[in-house]
Each structure stands twice: as C-alpha cells, then as structure tokens.
Amino acid sequence: MSPLKFDVHASSSEFAAARLGRLSISKADQHGINQTGTKRVIETPGCFMNSIKGSVPHLTPDNLRLQDYGGISVFLEQILQADQPASFSKWPSASSSGFTLSDFLHLQDLILFCDLRDFSLFSPGSSKLGSNTDRHVLLSTLKGVRQLTLDEYLQIARQYRPDIMVSLTDHITETKEPGQKRVRKSTDRTLKWLDQILLERLGEDGRVEDRRKEEEKKRKKDKKEKRRKMTKEQLQQQEDEQDLESSIDVQPVTTEPWADVAVFAHVQGSHYEEERIWSAEETAKRDGVDGFIVHANALTTTSSKDESLKFIQVSIESLPALKPRLIYGIHTPEDVLKAVALGADLFDTSYPYQLTEDGKASLYYFGENPYPTATSPNLNDGSSNRWINLWDEEHKDKFVPILEGCECCACKGGRHTRAYINHLLKAHEMLATVLLMSHNMYQYSKFFSAVRESIKAGTLEQYTMAFHDTFGVEPTRTGEKHPAQIAVETSLARRNQRLDGAEPSEVEAIGTDDKGLKRPKDTDETEVAKESKKIKTAEPGTDIEQDTP
Numbered sequence: 008m009s010p011l012k013f014d015v016h017a018s019s020s021e022f023a024a025a026r027l028g029r030l031s032i033s034k035a036d037q038h039g040i041n042q043t044g045t046k047r048v049i050e051t052p053g054c055f056m057n058s059i060k061g062s063v064p065h066l067t068p069d070n071l072r073l074q075d076y077g078g079i080s081v082f083l084e085q086i087l088q089a090d091q092p093a094s095f096s097k098w099p100s101a102s103s104s105g106f107t108l109s110d111f112l113h114l115q116d117l118i119l120f121c122d123l124r125d126f127s128l129f130s131p132g133s134s135k136l137g138s139n140t141d142r143h144v145l146l147s148t149l150k151g152v153r154q155l156t157l158d159e160y161l162q163i164a165r166q167y168r169p170d171i172m173v174s175l176t177d178h179i180t181e182t183k184e185p186g187q188k189r190v191r192k193s194t195d196r197t198l199k200w201l202d203q204i205l206l207e208r209l210g211e212d213g214r215v216e217d218r219r220k221e222e223e224k225k226r227k228k229d230k231k232e233k234r235r236k237m238t239k240e241q242l243q244q245q246e247d248e249q250d251l252e253s254s255i256d257v258q259p260v261t262t263e264p265w266a267d268v269a270v271f272a273h274v275q276g277s278h279y280e281e282e283r284i285w286s287a288e289e290t291a292k293r294d295g296v297d298g299f300i301v302h303a304n305a306l307t308t309t310s311s312k313d314e315s316l317k318f319i320q321v322s323i324e325s326l327p328a329l330k331p332r333l334i335y336g337i338h339t340p341e342d343v344l345k346a347v348a349l350g351a352d353l354f355d356t357s358y359p360y361q362l363t364e365d366g367k368a369s370l371y372y373f374g375e376n377p378y379p380t381a382t383s384p385n386l387n388d389g390s391s392n393r394w395i396n397l398w399d400e401e402h403k404d405k406f407v408p409i410l411e412g413c414e415c416c417a418c419k420g421g422r423h424t425r426a427y428i429n430h431l432l433k434a435h436e437m438l439a440t441v442l443l444m445s446h447n448m449y450q451y452s453k454f455f456s457a458v459r460e461s462i463k464a465g466t467l468e469q470y471t472m473a474f475h476d477t478f479g480v481e482p483t484r485t486g487e488k489h490p491a492q493i494a495v496e497t498s499l500a501r502r503n504q505r506l507d508g509a510e511p512s513e514v515e516a517i518g519t520d521d522k523g524l525k526r527p528k529d530t531d532e533t534e535v536a537k538e539s540k541k542i543k544t545a546e547p548g549t550d551i552e553q554d555t556p
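As numbered in our numbering, the sequence shown has no gaps in its residue numbers, which increase by one up to the final residue, 556.
Okay, here's the thing in structure tokens:
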C-alpha cells in the first residue's frame, strides 16, 4: 500500500479545473507502528521547497522551520557522490535501522521529494551533455557528466528511502524542438523504466527480461568470435549442431521491496499534443503511480507562454483526477494562477529564490490587499510594483520594513529596514540574502494560501483578473546584474585573486561576457569603477556609500 494519500476537497467552479487538496505521507517505523503525524502535510495548490544539495538556499535551519511549506525537493545530480552507489555498503540500511535520506539531511518533519535533476535550473543540451540510452541516463554533476543506470537508481531508492521518488525518465534536453520520432522514443523508454521500477518497488524482479537480452547479446558475441577462429570443417559441424543449442533461461531474482516510498512519474510528449495525450494515458494506466509530473521547461525556449499552458492543459486533461499533478517550469505568480485554473496542484519555490539572487523583495499579494499602508516603490528606479530591488540607491536611507504589515522574520517588528538590507548587500554580508529569502518565501506561501482561500470561496477568477490589473506581467529575467552588484562582486573578485597571488593584469571584472554574465546596457562604466573604488577603500565600520576623498 502506498504511503502517499491525496484528498481532493473542492473545485473552484464549473468553469475552472482548479481544486483544493491535501497531500500527506504516512510512515511506519521499524516496529510497524504507523507514524502519520510525524510529517507535515502539503495543502494544494502548494509548493515543494527547492533545495541545493539538500539545503534550501539562504535559509538557516531555524528559519526553514518557520516556513509554511510541507515538503522539500532534493536532486540526485546535486547530492549523489562520485563513489555512490558503490559506497552504499557504508550507508546504514534503511530497512533494518530506519536511517533514510531524511535522517541524513535532518529533514524528518518534511515530505522529502527526490528527482534526478533540478529542472528549475538550466540544463545543458544533449550536444554538451550527451544522449540517454536504453541502459542509462546522463546527469550533470559537480564532478562532471556521469551515467546512471536502472540498477544504480534502484540501489539509491532502497538506500535513500525518500518519501517520494521520481521514476527514471528519458528527458529531452535539446534547446530546439525535437522530432516526433525522438519524442516517442523517449516516452517508450520512460514507460519501460516505469514498469520495471514499479515491479522492483513490490519486491519483484523487474530486470529479468533485460538480463535475458544481455545474456543473448553476450552469447552472440562469443559465438561470432568463436566462428572467426574456426576452420571450414568446424563451421559445418557447428551449423549441424545449432538446432541442439539450449535456450537462454534467466531466473527471476528476489529483491528487497521499497513499498514505503511513493512513486511519481514524468509525462512526456514535448511539443506534440498527440504524444502528450498518449504519454499521459499510458502513464495513468500504471496503478502503482502515485502522482504525475508535467513539464513546461523545454517548451519555454521554443514556445510562447500561452502555447506552453496549452500543452500543460492537454497533459492534465488525460490524467486521473484523484492523483496529484506537479508542474515543472511554471514559477511566476501569474503563470501559477493560469496553471492552477487548469488543475495543477504542486509547484516549486524557484521564483522567490530568483528574486533573492537579484536582491529583490516581494510586494505582490492575491485577493484583498493585506498591506494598505505599505510604502510603494519608486518605479523610476527599476523596481516593479510587485517587488523592489534593494540594490537601488533610493533605499539607502529608507528606515522602514521591506513591507509594512508583513509578519516574516525580516519585517516583523521593524527590526530590519530597507536601508539596513541595502547596506548588507553592498557589504556582501550573507545576512542580506537570509533576510530576503525569508521574506520572499513567506510572501510566496501567503500567495498560495490566498489562492486556496479564493478557490474555497469561488472567487479565483475574479481575483486572478484583479491580480493582472494590479501587477501586470513579470518582467523578463535577462540575467543582467544591478550595477551596484557588479561593483561589489568585481571588488571581491579582485581581492580574492590578489590573495591567491594573481597579477593585477590577470584580474578580470565580473559582469563581462567573458565571465558568462551580461553587464546592463545602461550601466555607466565610470560609475561602476567609482562604486568599486568606494567599496575597496571603505574603512571598517564606516558606511559603504561614503565617498572616498
């Protein structure tokens, strides 16, 4: 029996597929005692917190527990060590001791979701990464590209024992639209792996047919090599004896079940509606699948947002209504609202992380304005009415919270002001991103909470239109950095390289194309240099904005 339980409570209206739900995990300890209440639940529509190497970026452990999220995502290509799964002989057995990946990461109270790769990040195309085969998929790890076979995947599942494990998938990483033949091949390969994984999960041998084919291939290879060395008389004798050859008999092997782990499956299909429908219908036929993942990532490079949402809708409509659907590639609030209206249940927290990396703080809300007295941003300084950029000069003397009335740990009580965070950013203090991430994650969770309330009240469509009227569309994220951020990082790079003994002529400025980063087109070079000089010559304890004589 699956440990995952998903209850659908209510829908928004007859005109929208949006629904309320609750995802929970029930676990039994090594004595067989059910421990349903030991983990948080995820109210849907909701999110898994994205992590890097099992840690949510910029959040300290105490701040992590303050977040109103019930689950966290970890990714094998980030946490899998170079010697794993070979070194699992040193890993405590989950079946005997109860030691799991949740214990290792100290995330026992959260629903742990484990996938192969983080699809919210850029994934190199097959021209750089290589192509998947029937025997393995390729992962881009910190140690380089490595192969992951089905056997290794099964070892990882048995040892790590996450709450939810995503099945092995042949994900298409091409940046251009793939051909339909390639898409069908990826779907067939993914479905074959899924069938094998579901058998192994129950303790049955899912690889017996693969081993038979491998043995047959090996026998043919040996026979070919043997024939090459034979005389004519020996060849004739062998042909006479061919009918007497024994058939290949491979016996099933007893395997260790891991039925205490739920399985989510990827729905393939890329840019082809008929392939998406076929993949969704075939995947839904597998009774052991506990949830589904629908991709929008590969679509964003060659399709518009509306086209991507249309493909998502095609996939969702072919999936069963009583199982959760997680969407990859939908991050901004307005896109989330559109996906929720199509029936999506789960997302990730890539959006607040991207804002934090850019030095931005969320101001948006959904429904009635809970912050009527909040200070509005100056839109002439590059901010949006949905967020402010705390790298901007206008905030250096604003001694007000990020968002007045916000109850996050950064805003509550007015202890941390915009001016203070502006100073922390320019001083390159890690507390700046800790406060920003706490605020952005809090606002994202409040956004989803308001969405759930609107579904319950039947006002989702009304408030969605109001959100678009108030906040418009998220500006395209170009990867360009703020001039002040470029100046700070340039200064730090020069300092670090001097400490490493590099010659001044070898030190290149951060923010140039050579470093893979684009300097904003409207950046004044002299201002950047001046800003860098201020930072380098500031005395300890002085305001970093003080001009140098």
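Glycine is no exception: its CB is placed at the ideal position from the N, C-alpha and C atoms.
Computed from a predicted model, the values in this text were never measured in an experiment.
inquiry  = With distance defined between alpha-carbon atoms, name the residue in Phe373, Leu198, Arg293, Thr261 nearest to Thr466.
reply    = Ranking the options by Cα distance to Thr466, first place goes to Phe373.
request  = In angstroms with no decimal places, state the Cα-to-Cα distance between Phe82 and Asn376.
outcome  = Cα atoms of Phe82 and Asn376: separation of roughly 36 Å, rounded to the nearest angstrom.
message = Helix, strand or coil, according to DSSP, for Trp394 in the structure here?
response = Reduced to three states, the DSSP call for Trp394 is strand.
query = Taking the alpha-carbon positions, what's the Arg425 to Leu362 distance?
reply = Spanning the alpha carbons of Arg425 and Leu362 requires a straight line of approximately 15 Å.
key: Delimiting residues of the beta strand (DSSP E) encompassing Met56   = Taken as a continuous stretch (DSSP letters only), the beta strand (DSSP E) holding Met56 covers 53–57.
key: Counterpart residues of His430 in DSSP-defined beta bridges   = When beta bridges are read from the DSSP output, His430 appears opposite no residue.
ask   = Short check: CB of Gln275 to CB of Val190, under 8 Å?
value = Yes. Within cutoff.
message = If you reduce the DSSP assignment to three classes, tell me which class Arg165 lands in.
response = Arg165 falls in the helix class under three-state DSSP.
ask   = From Val441 to Lys317, what distance separates their C-alpha atoms?
value = Annotation: Val441 to Lys317 spans about 37 Å, alpha carbon to alpha carbon.
message = Threshold first: 4 residues or longer. Then list the alpha helix (DSSP H) segments lying entirely within the region 122–161, N to C.
response = If we require 4 residues or more, the alpha helix (DSSP H) runs fully inside the region 122–161 come out as 133–136.
inquiry  = Quick check on the burial criterion: 16 or more other C-beta atoms within 10 angstroms. Buried or exposed for Met56?
reply    = Met56 comes out buried.
inquiry  = Between which residues of its own chain and Phe478 is the CB-CB distance below 7 Å, once the five residues before and five after are set aside?
reply    = Scanning its chain for C-beta atoms nearer than 7 Å, with the 5 sequence neighbours on each side dropped, one finds around Phe478 the residues Tyr371, Asn392, Arg393, in chain order.
query = Under a Cβ-count criterion, where at least 16 other Cβ atoms within 10 Å of its own Cβ denotes burial, should Leu149 be classed as buried or exposed?
reply = By the neighbour-count criterion, in which 16 or more other beta carbons inside 10 Å mark a residue as buried, Leu149 falls on the exposed side.
task = Within its chain, find whatever has a CB closer than 7 Å to the CB of Lys199; leave out the 5 residues flanking it on each side and keep chain order.
result = So the list is empty, once near-sequence residues are dropped.
Where Lys543 falls: helix, strand or coil (DSSP) = With a pLDDT of 45 at Lys543, under the threshold of 50, the modelled position of this residue cannot be trusted, and the question is left open.
task = For the beta strand (DSSP E) holding Tyr371, just list the boundary residues, first then last.
result = No beta strand (DSSP E) holds Tyr371; DSSP gives it neither H nor E.
ask   = Going by other Cβ atoms of all chains shown within 10 Å of its Cβ, with 16 needed for buried, is Arg505 buried or exposed?
value = Around the CB of Arg505, fewer than 16 other CB atoms lie within 10 Å, so the residue is classed as exposed.
message = Looking at the secondary structure, which residues open and close the beta strand (DSSP E) in which Val441 lies?
response = Element bounds for Val441: not the beta strand (DSSP E) but the alpha helix (DSSP H), 437–464.
ask   = What do you get for Asn396, buried or exposed, if any count of 16 or more other CB atoms within 10 angstroms of its CB means buried?
value = That one is buried.
task = May I have the straight-line CA-CA distance separating His16 from Thr485, to the nearest angstrom?
result = Distance from the CA atom of His16 to the CA atom of Thr485, rounded to whole angstroms, is 39 Å.
message = Please state the DSSP three-state secondary structure of Leu30.
response = Correct three-state label for Leu30: strand.
key: Status (buried if at least 16 other CB within 10 Å, exposed otherwise) for Gly210   = Classification for Gly210: exposed.
ask   = So does the region 134–147 actually touch the region 64–73, counting three or more Cβ pairs closer than 8 Å?
value = Counting Cβ pairs under 8 Å, fewer than three are found: no touch.
ask   = According to the neighbour-count rule (16 or more other Cβ atoms, all chains shown, within 10 Å of its Cβ), is His273 buried or exposed?
value = It is buried - the Cβ of His273 has at least 16 other Cβ atoms within 10 Å.
task = Can you grab the Cα-Cα spacing for the pair Ile163 / Met437, in whole Å?
result = When the Cα atoms are used, Ile163 and Met437 turn out to be separated by approximately 34 Å.
ask   = What's the C-alpha gap between Glu282 and Val321?
value = Using only the alpha carbons, I get a separation of about 10 Å.
message = Tell me the residue span of the alpha helix (DSSP H) that contains Leu73.
response = First-last of the alpha helix (DSSP H) with Leu73: 68–73.
key: Cβ-Cβ distance between Pro340 and Phe474 below 8 Å   = The Cβ-Cβ distance between Pro340 and Phe474 falls below 8 Å.
request  = Less than 8 Å between the CB atoms is what I'm expecting for Val144 and Asp177, so what's the real figure, rounded?
outcome  = Rounded, the Cβ-Cβ distance is 7 Å, consistent with contact.
Segment contact flag, the region 219–232 with the region 259–267, C-beta cutoff 8 Å, min 3 pairs = Not touching, per the Cβ criterion.
inquiry  = Measuring only the C-alpha atoms, how far is Leu155 from Thr197?
reply    = Taking the straight line joining both Cα atoms gives about 14 Å.
inquiry  = Taking a contact to mean a Cβ-Cβ separation below 8 Å, would you say Glu184 touches His278 in this structure?
reply    = Yes, they are a contact pair.
ask   = Mind checking whether Ser80 and Ser109 have CB atoms under 8 Å apart?
value = Cβ atoms of Ser80 and Ser109: not closer than 8 Å.
query = Just how far apart, CA to CA, sit Asp554 and Pro379?
reply = Only weak support is given to the placement of Asp554: the predicted model assigns it a pLDDT of 40, under 50, and the question is left unresolved by the model.
Helix, strand or coil at Ser9 according to DSSP, with G and I counted as helix = Coil, per DSSP.
request  = Answer with buried or exposed for Ser357, where buried requires no fewer than 16 other C-beta atoms within 10 angstroms of its C-beta.
outcome  = Counting the other CB atoms within 10 Å of its CB gives Ser357 a total of 16 or more, which places it among the buried residues.
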